[in-house]
Structure formats: structure tokens, C-alpha cells
Amino acid sequence: MYVIKRKVSISLANMPASTNFKRILKYGYLGLWRNRWLTLSAISVMVITLLVLSTLLVINSLAERSAANLQDRVDISVFFDQGIEQAKLEEVKAEFESIEEIKAVRLITAEEALADFKAKHEGDDLVTKSLEELEENPLQPSLVIIAHNLDQYPIIFQKLQRSRFEPLIAKINYEDNRNLIDTLKRVTGGIQNFGILLTVIFGAVAILVMFNTLRLTIFSRREEIEIMRLVGASNSYIRGPFLVEGLIYGLLAAIIASVVLYPAITFAVPKLQVFFGFSLSDMSSLANILKLSVIQLLVGIALGTLSSILAIKKYLQI
Amino acid sequence: MIKFLNINKSYNQGRTTAIKDVNFEIHPGEFISLVGRSGAGKSTLLSMITLEQKPDTGKILIEGQDITKVKTEDRYYLRRKIGVVYQDIKLLQGRTAFENVAFAVEVGGVPNEVIDRDVPKILDLVGLREKMSSFPSELSGGERQRVAIARALAHKPVLLIADEPTGNLDDVNAWEIIQLLLKINEFGTTILLATHASDIVNKIKKRVITLEGGTIVRDQEKGKYKLS
Chain A
5 MYVIKRKVSI SLANMPASTN FKRILKYGYL GLWRNRWLTL SAISVMVITL LVLSTLLVIN
65 SLAERSAANL QDRVDISVFF DQGIEQAKLE EVKAEFESIE EIKAVRLITA EEALADFKAK
125 HEGDDLVTKS LEELEENPLQ PSLVIIAHNL DQYPIIFQKL QRSRFEPLIA KINYEDNRNL
185 IDTLKRVTGG IQNFGILLTV IFGAVAILVM FNTLRLTIFS RREEIEIMRL VGASNSYIRG
245 PFLVEGLIYG LLAAIIASVV LYPAITFAVP KLQVFFGFSL SDMSSLANIL KLSVIQLLVG
305 IALGTLSSIL AIKKYLQI
Chain B
422 MIKFLNINKS YNQGRTTAIK DVNFEIHPGE FISLVGRSGA GKSTLLSMIT LEQKPDTGKI
482 LIEGQDITKV KTEDRYYLRR KIGVVYQDIK LLQGRTAFEN VAFAVEVGGV PNEVIDRDVP
542 KILDLVGLRE KMSSFPSELS GGERQRVAIA RALAHKPVLL IADEPTGNLD DVNAWEIIQL
602 LLKINEFGTT ILLATHASDI VNKIKKRVIT LEGGTIVRDQ EKGKYKLS
């Protein structure tokens, strides 16, 4: 026969935490399943958000690669007067190489320039004949300068103008490239800003939808919550399932988004490669896709948890 | 066991007095009937024991500890030591009698084996062993209140509070519920019964505390509920 004792209730509080944890997980999962249509809509919005984010990351990476690719083609050419001694050129080259912002300097002698020019116009009779009529080499020797990054070109330009070899310099070919560099920077920055804006908007919508889903779950279970409260459930026991629910939203959405992402990237990369004209094979590598999936997972969990915390704070006052 | 010391409580910024200078002590194993008309302050007083409300001034000591100092987030611990039965019963309609009782115990982190072992015993005690798998809609009013009592007992509380438990029941069912409470009291659980049913109180023949306008006007051993 069951005997009601008076002073045994204290032992209840010392029950194993794992039992409570399992129950919190179970009720979190149950909440999802009972509202599966709501869950579906919440997860769909989250999946879209994550895919927009991933697309942004891919586009951003593409823009950076194009910039890097163009950057490699950008340089400053310093032309010298004809008849400058080879030794002097070597001296200038050594001096320029010591400038901090300069990555590399390549010397093109007048003879090399002529050879290049001839090679380029091989078969063009007019050019060949005109050159033959000239007794001297009409081309100037030059130094081709490459910086570590695009921002350094204006600095290098100024340094060259203030250099002690300035009187020897006939022309610095830089202005043409600056426009290209500036345009490229603007486009890259624009893509980034637009992508961030789009991600923020979708993120906000995802939070709102999940928040609303959890709000409905809380309302539909208010009787149960009320009784839990009255029979002595701790706050974490009552709130836990809703937190678990939000977390599962994020988790499921991240998994679905990753499943969509993998074929999308393997499909798109060869086509993009043709368009951009440089290799993108590392973008479709498993490591890169895995990296994107991890980002999606973290963002998904963060959004899910954030919306459940907001809903709990607003609608689950204990 | 529980002491109320100079309890005062008012609403509407002091314009409505709910409880005024209430002092009394509940001893272990007692069966106390708290009587008075609607609005006399019975429910206010009871809700202070489970900390749904706090008094404006005064102390409530349970085993020497002043519970008015307990933080809101720690109330649950106190609620596991006190069982409450409500007039409106508050059972979950979608769960069976067994599940309703088990639900209350789960909350405290009790392992499933213990629940499966203890809950049928508690339902046996309240006379519902045969109806363990029935849903509330399949039970009579009296039976539902028994489930609620079983749920309140599941935590093995030191004190069982019954707030108008017979309010929605006919005389026969009401008296059966009171007999059940008396039986539980015999096993050692202290009981605090709030009611305005004078015939029931007069049959119980235990301590009666009468509230009027928020103050205690009578506190008698083996008392009666006199309408004044």
C-alpha cells in the first residue's frame, strides 16, 4: 500500500539531470511534430535564408577572385629615355625593389620591347616595313612594377614621382589602370553590400516566421504550461522544449540547405569557369562545400536559438 | 510547520484590502478548514503559500524559512513540497488519468520506472485503479477531482491545499471527496481546505478558521462554520 510520508519531497530535486534533459528533448521534438505544417513553413524560410547567405558567399568569393585575377594583370610601367645605360637601369631596378610596397620589378630592355613588338605584329607587312626603315630602335626600355595589393598603386606612383631617378623617367603608365581598379572595387563593394542587405532581410523574415511558429506552439500548450508551473516544474524544464524546437529548426534547415547546395555548386562551377576564364576548381571541392555547410549550420542554429529566446522572453513569462 | 505572521495584502494601490493582520500557525498533521464567504480572502491567503502572490507585509514561515524571500525563479522548488487541488480541477483533457498524474511527477525529474511503480498506487489510494486509462471526459466530476487529488499527492507533499475542491460537485460526491481528504490526513499529510460549504465543515469536526473581510474572526479546535 502506498504510504504518504511527510518529509521525502526534497529528494525529488536531486533526481538525475539526464532524465530531465531527455524529457526536454522529447517534448521539443513532439512540439515540432504536432505543428508539422507550421514547422515546414518556418524551416522553408530558414532554408531560403541560408541559401541566400551561401550564394552571397559564393558571389563574394567570385568577385574576390576576379579582383585578384585582374590585380595580377594590373601594373605600373615606367618608361625611360632611349639610350639609358643598362647598368643605370639595373641600379634603378634595385632601388625600386627596395620600396616596401613593391612586390616585383621586371626590366624590359629596348631590345626586348622591340622583339616583343615584332613578335606581336609578325605577318603585318606594314609594321615590319616601317620598322625596317627606321635605323634606330624606336621603343623605350621600361620597368614593370607589381604591388602587393591594389591599394598600394597610388602610393607607389607618388614614391616614383619623388624618386631621385625621376629625371630619367620619360613616362609613368599608371592612370589608365586606376580607373579599372576603382571600378572593380566599386563593383565588388556593391555586390557585397547588396548581398549583406539581402541576407539581413531574409534573416529577419526567418526569425519572424520562427518566432510566430513558437508563439502559436506556446499558445496551444498554455494549459499544459500552466499546470507544469503549478506542479513545480522548473523554468528550464518549461522553457527547454521551446529552445530545443528552435534549435531543431536551424539544424534541419541547415541540413536541407546543404543538400541543395552540393549539386547546385557542382553544376554551376564549370559554367562559371567558362564565363570568368580562370580556374574555379577549388570552389567545388568537398572542403569548400563543407566549409559552406558548417557556416550554414552555425547561422541556422544561431537564428533558431535567437527566435526561440525571443518568443520565450515575450510569451513564456513564468 | 507553517506560520503566518502579520500578513497584509491590498490591491488597487491600497484601496482594496484583501488580507489584514492575519496570524495563525499550521501544525504538522492538522486538518484545517478555512471558511468564509466569497471574497473573504481565502484564495488570496492560499495563493500566498504557493507564492503566486506575495504579501505586502508580514512573513510566511515554512519549517522556519521565510518563503516571501524566495526568488520567483526558485518558486518551483516550493511548489513541489505543496500539493494543490483546485475548484476547476485543471486536468489535461488529452491525457488519461494515469498520464495526468505522471505528468506532474515527470516535471520533477523522477525516473520512468518510479513513475510506473508509484502512479498506479496513488490512483489506487484515491479509488481510481480501474479508471487509470480513462480520459477526463470519460470520468464523473467527483472522479476528476480524485485524479486532481492524486496528482497533488504524487509529489508526496508536506501540505495539501484544497481550494473549494467540492465547489462543482453534488452533495454525495462532495462528501466522498472530503472523506478522501480525511483519509489522506490520517496517513499524515497536513491538509488546508478552503470552502464556503457550511454543512461539510460542520461534519468534519476539525479545526476551523473563519475569515471575514480579510481578517480572522474565529479560530477554533473542532469548530463549526457559523454564518454571521
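Protein chains in written order, with my numbering: chain A, 5 to 322; chain B, 422 to 649.
All C-beta atoms in this analysis are idealised placements derived from N, C-alpha and C, irrespective of residue type, glycine included.
Because the structure is a prediction, the values reported are computed rather than measured.
Item                                                                                                                                                                              : Value
Please determine, among B:529, B:580, B:513 and B:606, the residue with the shortest C-alpha to C-alpha distance to residue 547 of chain B.                                       : B:606
With 8 Å set as the bound, which would you pick, yes or no: does the beta-carbon of residue 634 of chain B sit closer than that to a beta-carbon of chain A?                      : no
I'd like to check one pair, residue 195 of chain A with residue 67 of chain A: are the Cβ atoms closer than 8 Å?                                                                  : yes
DSSP state of residue 103 of chain A, grouped into three classes?                                                                                                                 : coil
Taking residue 521 of chain B as part of the alpha helix (DSSP H), name the residues at either end of that continuous run.                                                        : 518-527
Sorted by chain position, which residues of the same chain lie with C-beta nearer than 6 Å to residue 507 of chain B's C-beta, five sequence neighbours on each side aside?       : 584
Opposite residue 445 of chain B in the DSSP bridges: which residues?                                                                                                              : B:425
For residue 670 of chain B and residue 640 of chain B, what's the separation of their Cα atoms in angstroms?                                                                      : Outside the shown range of chain B, which is 422 to 649, sits residue 670 of chain B, and nothing can be said about it.
With distances taken Cα to Cα, identify the nearest neighbour of residue 233 of chain A among B:539, B:528 and B:604.                                                             : B:528
Strictly by DSSP, which residues pair up with residue 629 of chain B?                                                                                                             : B:454 and B:641
So does the region 475-485 of chain B actually touch the region 205-221 of chain A, counting three or more Cβ pairs closer than 8 Å?                                              : no
Since residue 527 of chain B meets chain A, which of its residues come closer than 8 Å, beta carbon to beta carbon?                                                               : 27
Which runs of the alpha helix (DSSP H), 4 residues or longer, sit entirely within the region 61-129 of chain A?                                                                   : 90-101 and 114-124
Roughly how many angstroms separate the alpha carbons of residue 646 of chain B and residue 619 of chain B, rounded to a whole number?                                            : 5 Å
Just list the residues that DSSP pairs residue 504 of chain B with in beta bridges.                                                                                               : B:581
Could you list which residues in chain A have their beta carbon closer than 9 Å to that of residue 551 of chain B, in chain order?                                                : Result: empty, since nearest Cβ-Cβ is about 16 Å, beyond 9 Å.
Buried or exposed: where does residue 464 of chain B fall if 16 or more other Cβ atoms within 10 Å of its Cβ makes it buried?                                                     : buried
Can you find the residues in the same chain that come closer than 7 Å, C-beta to C-beta, to residue 245 of chain A, ignoring five residues on each side of it along the sequence? : 28, 31, 32 and 35
Does DSSP classify residue 497 of chain B as helix, strand or coil?                                                                                                               : helix
By the 10 Å Cβ neighbour count, where 16 or more other Cβ atoms means buried, how is residue 238 of chain A classified, buried or exposed?                                        : buried
Is the CB of residue 494 of chain B under 8 Å away from at least one CB in chain A?                                                                                               : yes
Could you tell me if residue 205 of chain A is buried or exposed, where buried requires 16 or more neighbouring beta carbons within 10 angstroms of its beta carbon?              : exposed
So residue 79 of chain A packs on residue 174 of chain A, CB below 8 Å; how close in whole Å?                                                                                     : Rounded, the Cβ-Cβ distance is 17 Å, inconsistent with contact.
Taking 8 Å as the threshold (beta carbon to beta carbon), is residue 505 of chain B in contact with chain C?                                                                      : In the structure shown, chain C cannot be found, because the protein chains are A and B.
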